[in-house]
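One line per chain: the protein sequences are V and Y, in this order. Using my numbering, the letters of the first sequence correspond one by one to residues 1 to 478. Using my numbering, the letters of the second sequence correspond one by one to residues 1 to 94. Note that beta-carbon positions come from the ideal geometry of N, C-alpha and C, so glycine has one too. Small disclaimer: the values here were computed from a predicted structure and weren't measured. This report concerns only the one structure given below.
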Amino acid sequence: MSTEWEVVIGLEVHVQLNTQSKIFCACPTAFGAEPNTHTCPVCLGLPGALPVLNEAAVDKAIAFGLAINAQLHRQSIFARKNYFYPDLPKGYQISQYEIPIVGKGHLDILLTDGSEKRVGITRAHLEEDAGKSLHEAFVAQSGIDLNRAGTPLLEIVSEPDLRSASEAVAYLKKLHALVRYLDISDGNMQEGSFRCDANVSLRRPGEPFGTRAEIKNLNSFRFLEKAILFEMDRQREILENGGKIVQETRLFDANKGETRSMRSKEEANDYRYFPDPDLLPLHLAEERIDRVRVSLPELPDVRRIRFMEQYGLPAYDAQVLTAHRELADYYEQVAENLDAKIAANWVMVELLGAMNKAGLEIPDFPVPAGELRLLLQRMADSTISGKIAKEIFEILCSEGGTVDAIIDAKGLRQITDERAILALIDEIIANNPKQTAEYRAGKEKLFGFFVGQVMKASHGKANPDQVNSLLKNRLLSQ
Amino acid sequence: MDKLVVERIAYLSRMKLPAQEIPVVTEQLAQIFRLVEAMRAVPTEGVEPMAHPLDLQQPLRPDEPRTGGPQRADLLANAPEAQDGLFLVPRVIE
């Protein structure tokens, strides 16, 4: 009997839209305010309060729809999703059900073997976020903070097109990069601005879909991967022992690295959606759609291809550099009128390495693009050597400052004066008669020794190309 | 419409429904369903379904945050219990 199973995964992603105010009232959406200070009768669900839709939330949903080549529904409907939970003061969430604002679209992801895969997106709809429950400070009670209640969300539902944990991660990363490019969300996963639920089932290849479990609470790419792998093992074990998968909601426990059933969620799974009588159908005028289309930034796929054509970069470099909008912007500032490949190497190796080490992202990174650009310029005009450039970059990272000030303060200017270099060379030759004789007798391996000695004597500042050619001449001319 | 459905709807609505009221409510709900059935008999072919009784479009609001509405203390005063700026409820945790 074949033990081969195929995993079928679809993702539901909740993206907090980065509007200034909430979706149905003018309360600010800023994160981290004192509890319940960003609330009003509308988002507290007080009787008689009426919702009025925020146009920025609509525009951001349109931008997303255009970016995934989706059908935009010219008429969409807000519905009430009814359930009781303390963080949902109205007893229903305003969402979209029958007709969402964004219909079918797709996203192309790059697989590890270099091939592309098209992932279908079923729909994306506008809805309001719930508040937060806090348990730590209370005994037998929970505290409710409704600052987040009413923050606009775009729920993006994929088709069950993903066939491995790594495909799911690639899709989620691509989606994350896209919302950042579009600037429709800050994408902050720790603060919950970008949250993912995964529907996971197993089947024999070619057979109909199996029963799925929905895994909640996946707030990092790593957790998504771990949760899917755990769930695949769990379901395989049940199926191979002749059991049946129960359709249920499961919670990923990041500490234990496992998923467990959330039985309490099952009872409530009857949302009795109906059109919200407080909100009229949302009509999208062509002018509004055109206005958003014109304001769209260059998207990752287009930018990647441009990087290959404009800068002559290999596909891999273009992929890495365009994965994040901030990184791509940074690279373009560094590379302007410089050698594009050298700039790419510096950004990919030195910059990403330093960012990784410091655990920082571009906006918080201490070295601005202009400074790295100047550093590469100083290297190109032979003021400093590549080795010194790396030292200066480390100083920029750890202490800040400017390239030219560091070069002057530390006396790092490269020695390009031929006479000065020759003086060093002559001294080294004079001090090492044995090696000089051996080299001249044909032991060419010793050349490296001489280069090293000269560089050391110059404290790394002699221009290496000049050292090479001058040294060769001097050693050969008896 | 039977007793079990009525009990489930009552539960989903978080309504306390005394056992002796269930037959009455069942009959009342059944009446509503008969009304719906009667309306289904009306020929509606070619008529576009409406999501709202008013034939109007959703107005939009500019994205401008405003504060200065009711103060937190006043809003919390509506709640049975509050502490440290939070509404207090019976413990909810998975």
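{"Check": "Can you pull out the residues from the region 84-96 of chain V whose beta carbon lies closer than 9 Å to at least one beta carbon of chain Y?", "Outcome": "84, 85, 86, 87, 89 and 91"}
{"Check": "According to DSSP, which residues form a beta bridge with residue 197 of chain V?", "Outcome": "V:12"}
{"Check": "Is the number of C-beta pairs between the region 233-243 of chain V and the region 44-60 of chain V that are closer than 8 Å three or more?", "Outcome": "no"}
{"Check": "Apply the 10 Å Cβ neighbour rule to residue 383 of chain V and answer buried if 16 or more other Cβ atoms are within range, or exposed otherwise.", "Outcome": "buried"}
{"Check": "Give the range of the beta strand (DSSP E) segment to which residue 89 of chain Y is assigned.", "Outcome": "86-90"}
{"Check": "Could you check whether the Cβ of residue 19 of chain V sits closer than 8 Å to any Cβ belonging to chain Y?", "Outcome": "yes"}
{"Check": "Quick check on the DSSP output: what are the complete alpha helix (DSSP H) runs of length 4 or more inside the region 201-257 of chain V, in order along the chain?", "Outcome": "221-240"}
{"Check": "Beta carbon of residue 125 of chain V, beta carbon of residue 95 of chain V: below 8 Å?", "Outcome": "yes"}
{"Check": "How would you call residue 310 of chain V, buried or exposed, if buried means at least 16 neighbouring beta carbons within 10 angstroms?", "Outcome": "exposed"}
{"Check": "In terms of residues, what are the limits of the alpha helix (DSSP H) holding residue 458 of chain V?", "Outcome": "Neither: residue 458 of chain V is in no alpha helix (DSSP H) and is coded neither H nor E."}
{"Check": "Give the DSSP-derived three-state secondary structure of residue 30 of chain V in the structure shown.", "Outcome": "coil"}
{"Check": "Three or more beta-carbon pairs under 8 Å between the region 80-95 of chain V and the region 58-70 of chain V, yes or no?", "Outcome": "no"}
{"Check": "Would you list the one or two residues that DSSP bridges to residue 125 of chain V?", "Outcome": "V:155"}
{"Check": "Can you tell me which of the three DSSP states residue 259 of chain V falls into?", "Outcome": "strand"}
{"Check": "Tell me which same chain residues have a C-beta within less than 8 Å of the C-beta of residue 2 of chain V, skipping the five on either side of it?", "Outcome": "Its pLDDT being 48, under 50, residue 2 of chain V is placed unreliably by the model, and nothing is read from it."}
{"Check": "Given a cut-off of 8 Å, decide if residue 51 of chain V and residue 76 of chain V are closer than it, judged by their beta-carbon atoms.", "Outcome": "no"}
{"Check": "State the CB to CB distance for the pair residue 196 of chain V and residue 224 of chain V, rounded to an integer number of angstroms; the pair is presumed to be in contact (CB under 8 Å).", "Outcome": "6 Å"}
{"Check": "To the nearest angstrom, report how far apart residue 247 of chain V and residue 212 of chain V are at their CA atoms.", "Outcome": "6 Å"}
{"Check": "Which two residues bound the contiguous beta strand (DSSP E) that contains residue 188 of chain V?", "Outcome": "No beta strand (DSSP E) holds residue 188 of chain V; DSSP gives it neither H nor E."}
{"Check": "Kindly list the residues whose CB is nearer than 6 Å to the CB of residue 448 of chain V, restricted to its own chain and excluding five residues on each side of it in sequence; keep chain order.", "Outcome": "none"}
{"Check": "Compare the C-beta of residue 2 of chain V with all C-beta atoms of chain Y and state if any pair is closer than 8 Å.", "Outcome": "Because the pLDDT of residue 2 of chain V is 48, which lies under 50, any placement of that residue in the model is unreliable, and the question is left without a value."}
{"Check": "Figure out for me which residue from V:162, V:219, V:24 and V:167 has the closest Cα to the Cα of residue 209 of chain V.", "Outcome": "V:162"}
{"Check": "Hey, does residue 141 of chain V have any beta-carbon neighbour from chain Y nearer than 8 Å?", "Outcome": "yes"}
{"Check": "Contact criterion: CB-CB distance below 8 Å. Does residue 134 of chain V meet it with respect to chain A?", "Outcome": "As a matter of chain content, chain A is missing from the structure shown, whose protein chains are V and Y."}
{"Check": "Give the residues from the region 19-34 of chain V that approach chain Y closer than 9 Å (Cβ to any Cβ), ordered along the chain.", "Outcome": "19, 20, 21, 22, 24, 25, 26, 27, 28, 29, 30 and 34"}
{"Check": "Would you kindly work out how many angstroms separate the C-alpha atoms of residue 380 of chain V and residue 56 of chain V, rounded to a whole number?", "Outcome": "46 Å"}
{"Check": "Is residue 1 of chain V helix, strand or coil when you go by DSSP?", "Outcome": "Low per-residue confidence applies at residue 1 of chain V: pLDDT is 43, beneath 50, and the placement is therefore not dependable enough to give any value."}
{"Check": "Look up residue 53 of chain Y in the DSSP assignment and say whether it is helix, strand or coil.", "Outcome": "coil"}
{"Check": "Strictly below 9 Å CB to CB, what residues from chain Y border residue 402 of chain V?", "Outcome": "Correct list: empty, because the minimum Cβ distance to chain Y is about 38 Å."}
{"Check": "Could you check how far apart the C-beta atoms of residue 346 of chain V and residue 372 of chain V are, in whole angstroms? I think they sit under 8 Å.", "Outcome": "7 Å"}
{"Check": "Nearest CA to the CA of residue 249 of chain V: which residue from V:256, V:243, V:299 and V:227?", "Outcome": "V:227"}
{"Check": "Among the candidates V:61, V:121 and V:177, whose CA atom is the shortest distance from the CA of residue 327 of chain V?", "Outcome": "V:177"}
{"Check": "Report the residue from V:61, V:34 and V:20 whose alpha carbon sits nearest the alpha carbon of residue 96 of chain Y.", "Outcome": "The displayed coordinates of chain Y run from 1 to 94. Any statement about residue 96 of chain Y would go beyond what the structure contains."}
{"Check": "Give the interface partners of residue 58 of chain V over in chain Y, defined as CB-CB distance under 7 Å, in chain order.", "Outcome": "60"}
{"Check": "For a quick check, are the C-beta atoms of residue 24 of chain V and residue 150 of chain V less than 8 Å apart?", "Outcome": "yes"}
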